[in-house]
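> All letters in the sequence shown, in the order written, are residues 95 to 296 by our numbering. Take this structure first; my questions come after.
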Amino acid sequence: MKKIILASGSPRRRELLQMLNIPFEVKVSDVEEIVPAEHDATPADRVKYLSLIKSRAVAAETENNTIIIGSDTVVAKDNDILNKPKDAEDAKNMLRRLSGCSHHVYTGLTVIVKDEDGSTKETSYADCTEVVMNEISDKEIENYISSGECMDKAGAYAIQGKSSIFIDSIKGDYYTVVGLPVRLVFKALKDNGINVTDFFTP
Numbered sequence: 095m096k097k098i099i100l101a102s103g104s105p106r107r108r109e110l111l112q113m114l115n116i117p118f119e120v121k122v123s124d125v126e127e128i129v130p131a132e133h134d135a136t137p138a139d140r141v142k143y144l145s146l147i148k149s150r151a152v153a154a155e156t157e158n159n160t161i162i163i164g165s166d167t168v169v170a171k172d173n174d175i176l177n178k179p180k181d182a183e184d185a186k187n188m189l190r191r192l193s194g195c196s197h198h199v200y201t202g203l204t205v206i207v208k209d210e211d212g213s214t215k216e217t218s219y220a221d222c223t224e225v226v227m228n229e230i231s232d233k234e235i236e237n238y239i240s241s242g243e244c245m246d247k248a249g250a251y252a253i254q255g256k257s258s259i260f261i262d263s264i265k266g267d268y269y270t271v272v273g274l275p276v277r278l279v280f281k282a283l284k285d286n287g288i289n290v291t292d293f294f295t296p
């Protein structure tokens with residue numbers, strides 16, 4: 095079986111692959127995340143492109159007979175991308191903007207298969223989930239920011255963490271919001287001869 099490599103340092107993505115019993119190694123890309131205009135027309139275009147270049151960077155430094163999984167996630171409100179907050183004030187402004195309304199979370203996924211002869215096959219996806227947040231008071235926002243959870247999260251919140259109490263509903267894949275749509279990982283690996291359910295047996 096090909097070696098599987100996660101091209102991400104995200105603890106959340108690592109936990110999701112571990113949840114599925116997928117054997118994998120982590121190799122983080124140091125590629126500069128600059129998006130050319132032709133790949134930045136929409137948030138979906140952006141995450142698809144970033145997942146691709148991250149995966150390619152790791153693939154270039156990886157031996158043959160491997161599968162590389164790369165991903166990128168952004169939060170968008172009215173098509174404006176909300177990145178990781180620069181500081182507490184930036185996080186507060188993001189959460190105020192998201193409070194009491196809906197927004198969208200986009201995750202790009204790229205799977206690169208390197209065969210034994212060095213030939214490669216690339217498959218990229220972009221997935222979107224709508225998230226509706228309840229009204230959050232300024233005091234609640236301040237308390238949440240003081241927890242420290244938000245500072246390395248796109249949109250200044252983590253749906254799987256403390257900010258789950260603020261979520262009214264979602265429409266789409268929960269794991270897309272977490273940062274790795276596992277149903278697409280399953281599909282991509284299955285398309286390349288690896289059935290994730292084979293890892294479920296003791």
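Just so you know, even glycine gets a beta-carbon here, dropped at the ideal spot from N, CA and C.
Taking the continuous alpha helix (DSSP H) assigned at Y219, which residues delimit it?
Unbroken run through Y219 is the beta strand (DSSP E), 214 to 227; no alpha helix (DSSP H).
> Using the Cα positions of V120 and A153, report the straight-line distance between them to the nearest angstrom.
Computed Cα separation, rounded: 12 Å.
> So, does the segment 200 to 208 touch the segment 259 to 274, judging by three or more C-beta pairs under 8 Å?
Verdict: yes, contact present.
> What number of angstroms, rounded off, separates the C-alpha of H197 from the C-alpha of R277?
One C-alpha to the other measures close to 22 Å.
> Looking only at C-alpha atoms, which of A220, L176, R190 sits nearest to E236?
Nearest option by C-alpha distance: R190.
> For D232, tell me which candidate among T214, Q254, K265, S193 has the shortest Cα-Cα distance.
D232 has its Cα closest to that of S193, out of T214, Q254, K265, S193.
> In whole angstroms, what is the alpha-carbon distance linking E229 and I259?
If I take the Cα positions, the gap works out to 11 Å.
> Among the residues of its own chain, which have a CB less than 7 Å from the CB of M188, if the five just before and after it don't count?
Cβ neighbours of M188 beyond the five flanking positions: L176, P179, G249, A250.
> Report the residue from M113, G255, S149, P117 whose alpha carbon sits nearest the alpha carbon of G123.
Sequence check: residue 123 is Ser here, not Gly. Nearest C-alpha to S123: S149.
> Have a look at the DSSP bridge pairing and note the partners of A282.
Answer is none; A282 lacks a bridge partner.
> Go to T141, then tell me how far its alpha helix (DSSP H) extends in each direction, as first and last residue.
First, the residue type needs correcting, since residue 141 is Val and not Thr in the sequence shown. Its alpha helix (DSSP H) spans residues 137 to 153.
> Quick check: S241 and G164, are their CB atoms within less than 8 Å of each other?
No.
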